[in-house]
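Number of protein chains: 2
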Amino acid sequence: MSSIKDVAFKAGVGIATVSRVINQSGYVKQETKERIEKVIKELGFKPNEIARSMTQQKNHIVAFILPNTKHLFFGELLYEVESALYEKNYKLMVCNSSERIEKELSYIEMLKTNRVDSMILLTNNDIAHLLDKKYRIISFDRIFEGIPYVASDNYEGGRLAALHLIERGAKKFMFIGDDQQGSDNIVNTEVSKRRLAFIETLKQKGFHHVIEIEYPLGNYIDIPDEVQQQVLLHKDVDGIFCISDAVAARVIKTLELAGKHVPKDVKVMGYDGGRSFLNLGKTITSIDQQPHLTAKAIVDIIEHYYKNTRIEPFQITPVKLVIGETT
Amino acid sequence: MSSIKDVAFKAGVGIATVSRVINQSGYVKQETKERIEKVIKELGFKPNEIARSMTQQKNHIVAFILPNTKHLFFGELLYEVESALYEKNYKLMVCNSSERIEKELSYIEMLKTNRVDSMILLTNNDIAHLLDKKYRIISFDRIFEGIPYVASDNYEGGRLAALHLIERGAKKFMFIGDDQQGSDNIVNTEVSKRRLAFIETLKQKGFHHVIEIEYPLGNYIDIPDEVQQQVLLHKDVDGIFCISDAVAARVIKTLELAGKHVPKDVKVMGYDGGRSFLNLGKTITSIDQQPHLTAKAIVDIIEHYYKNTRIEPFQITPVKLVIGETT
DNA sequence: TTGTAAGCGTTATCAC
DNA sequence: GTGATAACGCTTACAA
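Chains A and B, in that order, give the protein sequences. In the numbering used here, each residue's number is its place in the first sequence (first place is 1) plus 8. In the numbering used here, each residue's number is its place in the second sequence (first place is 1) plus 8.
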């Protein structure tokens with residue numbers, strides 16, 4: 009690959025002038041500029057980004073640490089984040105943590121070694137004390153002291169779910185989620201507000217008894233058998249709000265296998281947007297997190313980091329009720 | 009961040025010696041080594057990877073260009089590729105092309121500008137002539153002249169599908185796929201062998217008439233209404249093989265809405281592995297591409313590139329029949 | 001308006 | 001065993 013030197017030599021100018029042309033910085037005589045551009049084209053010269061990163065101590069690469077890219081919501085979020093970054097000319101590195109803290113840490117090292125210069129963090133591990141504030145870090149959904157975060161409006165999501173189930177005529181409610189969502193957990197997560205809002209809203213409307221099923225945080229895909237048993241145990245429940253569409257799908261299947269009709273006997277809602285394209289049977293009523301909006305908020309913060317402008321401590325993006333066939 | 013210079017100064021040695029210690033190259037007296045390691049720890053020094061890339065003209069970053077990360081199969085493949093690369097200490101950049109050729113080209117530029125030093129390409133666009141053989145490029149599923157590629161055993165997949173449907177008692181067959189899969193297309197894809205094998209195998213078993221429905225390549229998620237109408241039109245068909253689980257899911261839903269029972273009236277198979285965790289209703293019988301195996305094959309080729317060892321022109325990885333509730 | 005040269009943080013060569 | 005020093009390809013003072 010030809011370098012700036014080759015261009016300078018062939019055009020009979022100094023390398024600084026070539027640099028000025030490719031960066032459109034400083035003054036260059038029109039004539040010189042054209043000559044240089046011609047040579048650049050002839051040689052097919054492209055500036056070496058590694059060398060640029062070297063002088064600027066920045067590479068405009070963002071790392072996204074997330075549990076995995078298999079979960080439908082994560083795949084969508086990743087897609088939106090990458091698309092939004094692309095517009096602004098940042099590049100995205102994916103880092104599957106599989107929820108393992110040691111993998112997360114090894115990825116976080118990339119900030120110290122200048123492999124990436126900013127990082128989006130989506131984790132349930134309590135790694136706050138390991139996050140150096142001097143780096144450009146953004147958290148999604150989890151609240152870490154001193155780290156800006158982005159989340160969709162989980163409280164509103166829980167509220168909408170409660171109101172919708174009430175409107176559909178449900179009288180006896182259940183909430184199903186994984187236990188990291190509890191408000192008294194080590195990791196403070198925005199997600200816990202789904203349950204909170206759901207229960208508070210029901211209370212306000214006169215429904216004081218809500219069955220809460222929480223289970224150990226899993227792989228986002230499978231839910232334990234006990235949960236399914238619990239669902240069948242409470243035969244009078246007719247309105248169920250699940251922490252995700254994946255959980256809702258399982259719950260619906262469990263109910264139907266047991267001879268219950270959804271939504272006639274039981275109304276079931278999920279969370280994330282119901283965009284499950286492999287949705288055999290019914291489409292799920294859900295709360296859409298609108299990942300394109302959270303992605304935009306994340307990229308906004310990243311830009312503020314790079315521009316050294318003021319960063320809001322957090323950004324909450326709107327959610328939307330999506331009515332499917334399960335309520 | 010402290011540099012190698014700071015370490016050298018504080019340890020009272022030259023920078024070359026420090027370099028030898030961090031790279032475990034060349035001879036360093038045990039005593040010196042220990043002193044340097046102590047200083048490294050004290051300073052929290054980490055070598056700057058940008059500078060390293062500078063001298064080595066390599067950054068061990070791999071780009072993965074793919075249509076999107078929303079499709080379940082892509083999300084899985086991405087996960088497996090990233091995991092396999094992680095083991096070997098490579099980093100992965102994701103590049104959603106949304107099937108747009110200009111985005112693909114802009115990502116391919118990253119090879120020229122040294123932002124990444126190898127690339128996995130998953131595309132339906134005919135960009136063979138734009139791919140410079142001097143770069144480390146690997147294609148998934150598509151055959152481009154002179155570019156090594158990896159694919160799962162699509163022929164075997166089609167064959168297994170035919171045999172399974174026959175075994176389940178189907179007599180009248182249909183294939184549903186998108187038209188880029190046709191063998192006479194501009195882009196030569198391994199995927200076309202699914203159809204080929206399906207039809208050839210049926211013929212061998214005495215079934216000579218297969219209805220083939222092909223439609224313009226879509227976004228991998230929606231299938232056109234016409235396809236669904238076609239499905240209902242051929243009332244005597246009782247064995248359908250679809251190009252993906254996503255398509256199969258739609259077909260099944262269409263059939264069931266029309267009052268047909270799957271699998272009693274019609275047996276339907278998909279492709280990709282049936283791991284649709286949002287699978288309400290029935291689980292789909294499918295051909296598992298075993299993305300962990302293709303991922304491994306891809307990473308193998310990448311390693312050969314870096315080591316400058318001989319690269320096989322292609323790698324075909326095994327598939328597996330997964331029996332669900334739709335056949 | 002342009003060119004020279006220092007510097008970014010490493011690695012690698014070559015004396016000592 | 002070890003330490004200067006040149007390179008890697010660029011940006012950016014500073015001088016001309």
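Glycine included, C-beta positions come from ideal geometry on N, C-alpha and C.
May I have the straight-line CA-CA distance separating residue i from residue j, to the nearest angstrom?
{"i": "residue 41/B", "j": "residue 94/A", "result": "44 Å"}
{"i": "residue 277/B", "j": "residue 331/B", "result": "9 Å"}
{"i": "residue 246/B", "j": "residue 186/B", "result": "20 Å"}
{"i": "residue 105/A", "j": "residue 217/A", "result": "38 Å"}
{"i": "residue 69/A", "j": "residue 102/A", "result": "11 Å"}
{"i": "residue 261/A", "j": "residue 297/B", "result": "26 Å"}
{"i": "residue 66/B", "j": "residue 301/B", "result": "26 Å"}
{"i": "residue 153/B", "j": "residue 109/B", "result": "18 Å"}
{"i": "residue 189/A", "j": "residue 167/B", "result": "Confidence at residue 189/A is low in this model, with a pLDDT of 49, below 50, so the placement of that residue should be treated as unreliable; the coordinate-derived value is given next. Whole-angstrom Cα-Cα distance: 46 Å."}
{"i": "residue 23/B", "j": "residue 89/B", "result": "37 Å"}
{"i": "residue 20/B", "j": "residue 12/B", "result": "12 Å"}
{"i": "residue 307/B", "j": "residue 313/B", "result": "10 Å"}
{"i": "residue 5/A", "j": "residue 86/A", "result": "An answer regarding residue 5/A cannot be provided, because it is not within the stretch 9 to 335 covered by chain A."}
{"i": "residue 72/B", "j": "residue 272/B", "result": "42 Å"}
{"i": "residue 119/B", "j": "residue 47/A", "result": "21 Å"}
{"i": "residue 282/A", "j": "residue 251/A", "result": "12 Å"}
{"i": "residue 158/A", "j": "residue 35/B", "result": "50 Å"}
{"i": "residue 244/A", "j": "residue 224/A", "result": "25 Å"}
{"i": "residue 149/B", "j": "residue 17/A", "result": "44 Å"}
{"i": "residue 270/A", "j": "residue 291/A", "result": "11 Å"}
{"i": "residue 321/A", "j": "residue 137/A", "result": "18 Å"}
{"i": "residue 315/B", "j": "residue 96/B", "result": "13 Å"}
{"i": "residue 111/B", "j": "residue 199/B", "result": "23 Å"}
{"i": "residue 45/B", "j": "residue 29/B", "result": "8 Å"}
{"i": "residue 275/A", "j": "residue 230/A", "result": "21 Å"}
{"i": "residue 294/B", "j": "residue 52/A", "result": "47 Å"}
{"i": "residue 115/A", "j": "residue 263/B", "result": "47 Å"}
{"i": "residue 325/A", "j": "residue 219/A", "result": "28 Å"}
Could one say the Cβ of residue i lies closer than 7 Å to chain A's Cβ atoms, at least one of them?
{"i": "residue 46/B", "result": "no"}
{"i": "residue 109/B", "result": "no"}
{"i": "residue 102/B", "result": "yes"}
{"i": "residue 90/B", "result": "yes"}
{"i": "residue 98/B", "result": "no"}
{"i": "residue 277/B", "result": "no"}
Any Cβ of chain B within less than 7 Å of the Cβ of residue i?
{"i": "residue 189/A", "result": "Caution is warranted here: a pLDDT of 49 is assigned to residue 189/A, below 50, making its placement in the model unreliable, and no coordinate value can be reported."}
Name, please, each residue of chain A whose Cβ falls closer than 7 Å to the Cβ of residue i.
{"i": "residue 122/B", "result": "56, 57 and 58"}
{"i": "residue 84/B", "result": "78"}
{"i": "residue 67/B", "result": "58"}
In chain B, what lies closer than 7 Å to residue i by C-beta?
{"i": "residue 2/A", "result": "Missing from the structure shown is residue 2/A; chain A here goes from 9 to 335 and no further."}
{"i": "residue 62/A", "result": "58, 59 and 62"}
In chain A, what lies closer than 8 Å to residue i by C-beta?
{"i": "residue 196/B", "result": "None at all; the shortest Cβ gap to chain A is about 27 Å."}
Since residue i contacts residue j with CB under 8 Å, what's their CB separation in whole angstroms?
{"i": "residue 129/B", "j": "residue 151/B", "result": "In fact, because the Cβ distance is near 11 Å, the residues do not count as touching under 8 Å."}
{"i": "residue 163/A", "j": "residue 204/A", "result": "7 Å"}
{"i": "residue 303/A", "j": "residue 92/A", "result": "5 Å"}
{"i": "residue 165/A", "j": "residue 123/A", "result": "Wrong, their Cβ atoms sit about 35 Å apart, outside the cutoff."}
{"i": "residue 323/B", "j": "residue 309/B", "result": "7 Å"}
{"i": "residue 207/A", "j": "residue 183/A", "result": "7 Å"}
{"i": "residue 173/B", "j": "residue 249/B", "result": "7 Å"}
{"i": "residue 99/B", "j": "residue 121/A", "result": "Contact doesn't hold; Cβ gap of about 11 Å is too wide."}
{"i": "residue 9/A", "j": "residue 59/B", "result": "Incorrect: roughly 19 Å between the Cβ atoms, too far for contact."}
{"i": "residue 80/B", "j": "residue 80/A", "result": "7 Å"}
Pull out every residue of the stretch 131-148 of chain A whose Cβ sits closer than 9 Å to any Cβ of chain B, in chain order. Hits within the stretch: zero.
Members of the stretch 296-319 of chain B near chain A, C-beta cut-off 8 Å: Going along the stretch 296-319 of chain B in chain order, one finds no residue with a Cβ nearer than 8 Å to chain A.
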